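Quick mapping for you: the protein sequence lines, in order, are chains G and H.
Following the working numbering from start to finish, the first sequence increments by one per residue and tops out at 408.
Following the working numbering from start to finish, the second sequence increments by one per residue and tops out at 408.
Below is one structure, written out as C-alpha cells; comments come after it.
2 protein chains.
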Amino acid sequence: MTALPPFAFARIPDIHFGPGKLSALPQLIRRYGHRALFVTGSTSFVRSEAHARLKEKAIGSGIEILHATLSGEPSPEFVDATVAEFRGKQVDCVVGIGGGSPLDAGKAISAMLPLEGSVVPFLECVDTQKHDGRKIPYIAVPTSSGTGAEATKNAVLSSVGPDGYKSSLRHDNFVPDIAVVDPELMLSCPADVTAACGLDALTQLLEAYVSSKASPMTDALALSGLEHVAAGFLPAYENGANDLVARSHMAYAALLSGIVLANAGLGVVHGFAGPIGGFFPIRHGVVCGTLFGAATRANIDALRRDPVANRIALEKHARAGALLSGEATATIEDGCNRLLQTLDRWIAATGIARLSAYGVTRTDLPRILDKSNNKNSPVTLDRQQMQAILEARL
Amino acid sequence: MTALPPFAFARIPDIHFGPGKLSALPQLIRRYGHRALFVTGSTSFVRSEAHARLKEKAIGSGIEILHATLSGEPSPEFVDATVAEFRGKQVDCVVGIGGGSPLDAGKAISAMLPLEGSVVPFLECVDTQKHDGRKIPYIAVPTSSGTGAEATKNAVLSSVGPDGYKSSLRHDNFVPDIAVVDPELMLSCPADVTAACGLDALTQLLEAYVSSKASPMTDALALSGLEHVAAGFLPAYENGANDLVARSHMAYAALLSGIVLANAGLGVVHGFAGPIGGFFPIRHGVVCGTLFGAATRANIDALRRDPVANRIALEKHARAGALLSGEATATIEDGCNRLLQTLDRWIAATGIARLSAYGVTRTDLPRILDKSNNKNSPVTLDRQQMQAILEARL
Numbered sequence: 015m016t017a018l019p020p021f022a023f024a025r026i027p028d029i030h031f032g033p034g035k036l037s038a039l040p041q042l043i044r045r046y047g048h049r050a051l052f053v054t055g056s057t058s059f060v061r062s063e064a065h066a067r068l069k070e071k072a073i074g075s076g077i078e079i080l081h082a083t084l085s086g087e088p089s090p091e092f093v094d095a096t097v098a099e100f101r102g103k104q105v106d107c108v109v110g111i112g113g114g115s116p117l118d119a120g121k122a123i124s125a126m127l128p129l130e131g132s133v134v135p136f137l138e139c140v141d142t143q144k145h146d147g148r149k150i151p152y153i154a155v156p157t158s159s160g161t162g163a164e165a166t167k168n169a170v171l172s173s174v175g176p177d178g179y180k181s182s183l184r185h186d187n188f189v190p191d192i193a194v195v196d197p198e199l200m201l202s203c204p205a206d207v208t209a210a211c212g213l214d215a216l217t218q219l220l221e222a223y224v225s226s227k228a229s230p231m232t233d234a235l236a237l238s239g240l241e242h243v244a245a246g247f248l249p250a251y252e253n254g255a256n257d258l259v260a261r262s263h264m265a266y267a268a269l270l271s272g273i274v275l276a277n278a279g280l281g282v283v284h285g286f287a288g289p290i291g292g293f294f295p296i297r298h299g300v301v302c303g304t305l306f307g308a309a310t311r312a313n314i315d316a317l318r319r320d321p322v323a324n325r326i327a328l329e330k331h332a333r334a335g336a337l338l339s340g341e342a343t344a345t346i347e348d349g350c351n352r353l354l355q356t357l358d359r360w361i362a363a364t365g366i367a368r369l370s371a372y373g374v375t376r377t378d379l380p381r382i383l384d385k386s387n388n389k390n391s392p393v394t395l396d397r398q399q400m401q402a403i404l405e406a407r408l
Numbered sequence: 015m016t017a018l019p020p021f022a023f024a025r026i027p028d029i030h031f032g033p034g035k036l037s038a039l040p041q042l043i044r045r046y047g048h049r050a051l052f053v054t055g056s057t058s059f060v061r062s063e064a065h066a067r068l069k070e071k072a073i074g075s076g077i078e079i080l081h082a083t084l085s086g087e088p089s090p091e092f093v094d095a096t097v098a099e100f101r102g103k104q105v106d107c108v109v110g111i112g113g114g115s116p117l118d119a120g121k122a123i124s125a126m127l128p129l130e131g132s133v134v135p136f137l138e139c140v141d142t143q144k145h146d147g148r149k150i151p152y153i154a155v156p157t158s159s160g161t162g163a164e165a166t167k168n169a170v171l172s173s174v175g176p177d178g179y180k181s182s183l184r185h186d187n188f189v190p191d192i193a194v195v196d197p198e199l200m201l202s203c204p205a206d207v208t209a210a211c212g213l214d215a216l217t218q219l220l221e222a223y224v225s226s227k228a229s230p231m232t233d234a235l236a237l238s239g240l241e242h243v244a245a246g247f248l249p250a251y252e253n254g255a256n257d258l259v260a261r262s263h264m265a266y267a268a269l270l271s272g273i274v275l276a277n278a279g280l281g282v283v284h285g286f287a288g289p290i291g292g293f294f295p296i297r298h299g300v301v302c303g304t305l306f307g308a309a310t311r312a313n314i315d316a317l318r319r320d321p322v323a324n325r326i327a328l329e330k331h332a333r334a335g336a337l338l339s340g341e342a343t344a345t346i347e348d349g350c351n352r353l354l355q356t357l358d359r360w361i362a363a364t365g366i367a368r369l370s371a372y373g374v375t376r377t378d379l380p381r382i383l384d385k386s387n388n389k390n391s392p393v394t395l396d397r398q399q400m401q402a403i404l405e406a407r408l
C-alpha cells in the first residue's frame, strides 16, 4: 500500500436516509425554529401527495411555511429577488426540495439572507467580495438522484445566453446542515431525467475517484457509490416508479457523489459542463451523460501512453470497470475496456441526446473550448483531445 | 446486492490530515477568535519541541493560550473544576491535544463552558438533565492512534473505584468542529501504548463494521480503515519513531474508527470496557486489546451456529480476515479463521497484558458481567459466553 497523501475533508451534512424519511422533516425544522422558507421547483413535487402530507404535518407541528418557487436552473436574479422578498421575515431555516436546481437555489438563498446586496460579486467568476460563511440553517431534500447538491458546498448559478455562464457561490459552511434523502421521492422521476441524473452521479463518482485530489477517504466513499450505481442504474431507468430498491441505490450513490466531489474535485466532463450549460439550455445531467463515455475513453487513451507513471489512475479505472460491469477482470487493460463497454452500453440503452439536439454545432466548439478545462483530471488533455470529445458527441 | 437499510450519519469534523498539519492550528483557531483554552495531558506533548513551536506560532498569530492539564483519564471533578476556572474568561475555542483522555476532557469542557453547574447530571448513567448541544467551538488534535475521539460525539468520563463507572456526555453537536490529524505527533508514542491504541482502533473498526447498526457508508469507511490497519499496525509497533508511513496509516485508521463508531455503534468488547475501566485502573486500549481476540472468537463461534441467518455478518468477518492477513481467502470459513489467526498473532507479538496483571481475579467477574452488555454486536452472547471471554484473558 502506498503512503497516504495529506488531505482535507470538509464537514458533511447530518444525513437522514431511507424510504419515508420525509416525515422526519418537520421535527428537523424545529431544531432551528418555527418559520421555514421552502424553495422548490414549480412542477412535480409541489403537486404531489407527499407535498400535501408534508405541509399538513409541518403546520400541525407549529411550523409556518413560506414558499419560493423556481423555474429551470437558478439565476443570480432569482436568488437576489427571493432574498429581497424574505430578508426581513425572520426565516429560521431554509428547506430546498427538488433536483439540483432548487437545492442549489436554496443553498444560495440561505447564504445570502444574512447579508446585504446581490449574490453576483460573491460568484467565483466575479469574485470581488468574499463571503464570510454566515448563513441561515439549510436543509436539503433531493427528489432526483443526480447532482448530490444535498452534500456539496457550492451553489451553481446560471446565466444562460451568448455571454452566459455557470458559476458557483462556494464556502465550506454552505454544505447543507441536514440532508433528508428519501428514495420514495424519486419514484416519480421520469425515465429520461432518471438516466441523465444517474449518469451525472456516476460521472461525479468516477471523476472524484480518479481525481488528482483524491484521498483514501474519498476513494472508499466513491467505490461504495459506484457499487450502488452498478446495482441501481439500469433498474431505476427501466422500472421507474416500481423499483424502490433501485431508487434507493441511486439515491445513495448520488448522495455519495456529492460528498466525494466536494472533497476530491471533478474532471474534464465537468470542465465542459459549465461553459456548455452557460451557452445552451441543456440540462446539466444531459451534458454530463452525453460526454461521459467519450471523455472517459480520451482519458484512458491518454493515460495508456505512459502506463508506468499512470498505473494508479489506470488501476482505478479498471476497478471501476469491474464494479460497474459486475465482472471480475484479470488485467488493468481488461478492466478499463469493461468500463468503456459498460458506459457505451448504458449511454446507448438510455438514449441520452447528443449535443446537436440542443443546437450545438461545429462552429460553437472554439468558444466552448476556450472556457473549458481539465479540472482535477488525472491526465491533462490538450485542446485537440478535448475537441475530439465534443466532436464525438455532436 | 441487498437493499439499503435506512440509516443516519451525523456530521463529521472538518478534517486536516497529514504530516506537519499541526502548523495549521493557529490559523484554524483564528476562525473562532483569539483566546484558546488548550487541554493536554501532563507529560510528553507538553515537553515536546512540537509544543514549543506551536505555542510560539500561536502567540505570533495573536492568540492568547490558556492551559488546563489533565493526569490520567478525565473525571467529572476535573471537568467541573476546569470549567469553573475558565467559565468567565471568554474562551473563543477549546483545543484538546493528546490521547483519548485529553481529547474527551476538552470535548466535555467545550460543552460545559456555556452552561451552569456540574457535568454529572448530564452523564448517560445519571441522565437527570438534557444538554441542549450548545458549546464553545472545539478542535481536537490526537497524539496517539487509538480512540478516534477526534471524530466522536461523546466524551467518556471516569470515576474509578469499587463503585466506579465510565459514562458519556453525548450530543451530535459534540463532534469536534475540526480535527487536526498530524502523524508526526504519533512518532514518539511508546511501543506498548502504540499497540494498545492500535488494537483499540482495530476493535472499533471491526465492531462498527459488523454492527447491527452498520450502513453502506460506515462499511465503506470501516473497510478503508481496516486496510490501513493491515498496512500500519505491526510496522508502527515495531519501528516506532522511524516509520512515519506506518504512523500515517494508523492515524488514518484511528480517525476512521471514530467516524464509524459514532455512526454504527460498537460491540461486546466495548460492552466490557466501560465496567472494567470503571472498576480497575486499566487503560481503555489495553482492555480492548486484551479481550479482542477472545471476543471475536466467541462472536464467530456463535454466528456459525446459524450460518444461513448470519451469512452477512460471517462474510464481513471473513472479508476483514482477508484484509488484515493480506491473503486472499477462498471461503467464509477460511476468511474467519484468518481473522482469528491474525488477531492471535498480533496480540501475542505485542504482548498485551492480561486482566490479572491489573488485579482482576475470578471473584470480580460477576460484578463485571452484571454491568456488561453486547452493545450493537451482530450476535447476542449470553452471560456464560461472555464470562468465557473474560476467563480466557484473566
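We put the CB at the ideal spot given by N, CA and C, even for glycine.
Keep in mind that this is a model prediction, so the values were computed, not measured.
Which runs of the alpha helix (DSSP H), 4 residues or longer, sit entirely within the stretch 190 to 248 of chain G?
For the stretch 190 to 248 of chain G, whole alpha helix (DSSP H) runs of length 4 or above, ordered along the chain, are 205 to 223.
Could you work out which residue in G246(G), I43(G) and A82(G) is closest to F100(G) when comparing CA atoms only?
Counting from one through the first sequence, the residue named residue 100(G) turns up at place 86. Nearest option by C-alpha distance: A82(G).
Compute the Euclidean distance between the alpha carbons of G113(G) and P20(H), then round it to the nearest angstrom.
Here residue 113(G) refers to the residue found at position 99 of the first sequence. Here residue 20(H) refers to the residue found at position 6 of the second sequence. Taking the Cα positions, G113(G) is about 21 Å away from P20(H).
If you follow the alpha helix (DSSP H) that E329(G) is in, where does it begin and where does it stop?
Locating residue 329(G) in the first sequence gives position 315, where the first residue counts as 1. Counting along the chain, the alpha helix (DSSP H) containing E329(G) begins and ends at R325 to S339.
Complete runs of the beta strand (DSSP E) confined to the stretch 106 to 157 of chain G [at least 3 residues]
Counting whole runs of 3 or more residues, the stretch 106 to 157 of chain G contains the beta strand (DSSP E) stretches 107 to 112 and 152 to 156.
Closer than 7 Å, CB to CB, is F23(G) near chain H or not?
Translated into the one-based positions of the first sequence, residue 23(G) becomes position 9. Closer than 7 Å: yes.
Determine, using beta carbons only, whether T356(H) and L338(H) come nearer to each other than 7 Å.
Position 342 of the second sequence, counted from the start, is the residue given in the question as residue 356(H). Position 324 of the second sequence, counted from the start, is the residue given in the question as residue 338(H). Their beta carbons are under 7 Å apart, which means T356(H) touches L338(H) by this criterion.
Taking C-alpha atoms, which residue in C107(H), T54(H) and A265(H) lies nearest to G219(H)?
Position 205 of the second sequence, counting from 1, holds the residue named residue 219(H). What sits at residue 219(H) in the sequence shown is Leu, not Gly. Of C107(H), T54(H) and A265(H), the residue nearest in Cα terms is A265(H).
Minimum C-alpha distance to L404(G) - residue among A64(G), P380(G) and K389(G)
Residue mapping note: residue 404(G) aligns to position 390 of the first sequence, counting from 1. The candidate whose alpha carbon is nearest that of L404(G) is P380(G).
By DSSP's criteria, L70(G) is part of a beta bridge. Which residues make up the other side?
Locating residue 70(G) in the first sequence gives position 56, where the first residue counts as 1. With the sequence shown as reference, residue 70(G) is identified as Glu, and Leu is not the correct amino acid for it. Partner(s): none; E70(G) has no beta bridge.
When you compare each of E241(G), D233(G) and A234(G) to T16(H) by their alpha carbons, which one comes out closest?
Position 2 of the second sequence holds residue 16(H). In terms of CA proximity to T16(H), E241(G) leads the group E241(G), D233(G) and A234(G).
Please classify L305(G): does DSSP put it in a helix, a strand, or coil?
Within the first sequence, numbered from 1, the residue matching residue 305(G) stands at position 291. Three-state result, L305(G): helix.
Closer than 6 Å by C-beta to F8(H): which residues in its own chain qualify, once you throw out the five before and the five after it? Chain order, please.
With chain H covering only 15 through 408, there is no way to say anything about residue 8(H).
From S271(H) to G279(H), what does the alpha carbon distance come to, in whole angstroms?
On the second sequence, residue 271(H) is found 257 positions in, with the first residue counted as 1. On the second sequence, residue 279(H) is found 265 positions in, with the first residue counted as 1. Straight-line Cα distance between these residues: approximately 10 Å.
Please classify K167(G): does DSSP put it in a helix, a strand, or coil?
Counting from 1 along the first sequence, the entry for residue 167(G) is found at position 153. The answer is coil: DSSP assigns K167(G) none of H, G, I, E or B.
Nearest-angstrom Cα separation, counted from G147(G) out to G34(H)
Taking the second sequence and counting its residues from 1, the one referred to as residue 34(H) is at position 20. Taking the first sequence and counting its residues from 1, the one referred to as residue 147(G) is at position 133. Cα-Cα distance, rounded: 27 Å.
As assigned by DSSP and simplified to three states, the class of Y372(H):
As a first step, residue 372(H) is located in the second sequence; it is residue number 358 there, counting from the start. Residue state, collapsed to three classes: helix.
According to DSSP, is A82(G) part of a helix, a strand, or is it coil?
As a first step, residue 82(G) is located in the first sequence; it is residue number 68 there, counting from the start. Judged by DSSP in its simplified three-state form, A82(G) adopts strand.
From the DSSP output, which residues share a beta bridge with H30(G)?
Within the first sequence, numbered from 1, the residue matching residue 30(G) stands at position 16. Per the DSSP secondary-structure output, H30(G) pairs in a beta bridge with V194(G) and A22(H).
Give the interface partners of G32(H) over in chain G, defined as CB-CB distance under 7 Å, in chain order.
Translated into the one-based positions of the second sequence, residue 32(H) becomes position 18. By Cβ distance, chain G contributes P20 and F21.
List the endpoints of the continuous alpha helix (DSSP H) containing L379(G).
For the purposes of this step, residue 379(G) is taken as residue 365 along the first sequence, with counting starting at 1. Secondary structure note for L379(G): its alpha helix (DSSP H) is the uninterrupted segment L379 to K385.
Could you tell me whether the Cβ of P116(G) comes closer than 7 Å to any Cβ of chain H?
In the first sequence, the residue the question calls residue 116(G) occupies position 102. Judged by the 7 Å Cβ criterion, P116(G) is not in contact with chain H.
State yes or no: is the beta carbon of I26(H) nearer than 7 Å to at least one beta carbon in chain G?
Looking up residue 26(H) in the second sequence gives position 12. With 7 Å as the cut-off, I26(H) counts as an interface residue toward chain G.
Below-7 Å beta-carbon distance, A245(H) vs any chain G residue:
Residue numbering aside, residue 245(H) sits at position 231 when the second sequence is read from its first letter. Contact of A245(H) with chain G is assigned, a C-beta pair being separated by under 7 Å.
Could you list which residues in chain G have their beta carbon closer than 7 Å to that of V259(H), in chain order?
Stepping through the second sequence from its first residue, residue 259(H) is reached at position 245. Under a criterion of Cβ atoms nearer than 7 Å, the residues of chain G adjacent to V259(H) are, in order, A17.
Go ahead and pull the three-state DSSP assignment for Y46(G).
Position 32 of the first sequence, counting from 1, holds the residue named residue 46(G). Residue state, collapsed to three classes: coil.
Considering only their Cβ atoms, is the gap separating C302(G) from T217(G) smaller than 7 Å?
Locating residue 217(G) in the first sequence gives position 203, counting from the first residue. Locating residue 302(G) in the first sequence gives position 288, counting from the first residue. C302(G) sits close to T217(G), with the two beta carbons spaced by under 7 Å.
Measuring alpha carbon to alpha carbon, tell me which of L171(G), D141(G), V93(G) and M231(G) ends up nearest L127(G).
As a position in the first sequence, residue 127(G) is number 113, starting the count at 1. Considering only alpha carbons, the answer is V93(G).
Within-7 Å CB hit, L235(G) to chain H
For the purposes of this step, residue 235(G) is identified with residue 221 of the first sequence, where counting begins at 1. Chain H, which has a Cβ nearer than 7 Å to the Cβ of L235(G), makes this yes.
Taking a cut of 9 Å between CB atoms, which residues from the stretch 210 to 233 of chain H lie near chain G?
Look at the stretch 210 to 233 of chain H: the residues with a C-beta under 9 Å from a C-beta of chain G are S229, P230, M231 and D233.
Using a cut-off of 9 Å between C-beta atoms, extract the partners of H242(H) located in chain G.
Position 228 of the second sequence, counted from the start, is the residue given in the question as residue 242(H). Within chain G, M15, L18 and P230 have C-beta atoms less than 9 Å from the C-beta of H242(H), given in sequence order.
Taking 6 Å as the cut-off, is the C-beta of E138(G) nearer than that to any heavy atom in the ligand ZN?
The ligand ZN is absent from the structure shown, which contains no ligands of any kind.
Reduced DSSP category for T54(H) - H, G, I as helix; E, B as strand; rest coil
By 1-based counting over the second sequence, the position of residue 54(H) is 40. T54(H) falls in the strand class under three-state DSSP.
Within 7 Å (strictly less), CB to CB, does Y46(G) reach chain H?
In the first sequence, the residue the question calls residue 46(G) occupies position 32. For Y46(G), the answer is no, since every Cβ of chain H falls outside 7 Å of its Cβ.
Status (buried if at least 16 other CB within 10 Å, exposed otherwise) for C203(G)
In the first sequence, residue 203(G) corresponds to position 189, counting from 1. By the neighbour-count definition (other C-beta atoms within 10 Å, threshold 16), C203(G) is a buried residue.
Would you say I192(H) lies against chain G (beta-carbon separation less than 7 Å)?
The residue labelled residue 192(H) in the question sits at position 178 within the second sequence. The beta carbon of I192(H) sits no closer than 7 Å to any beta carbon of chain G.
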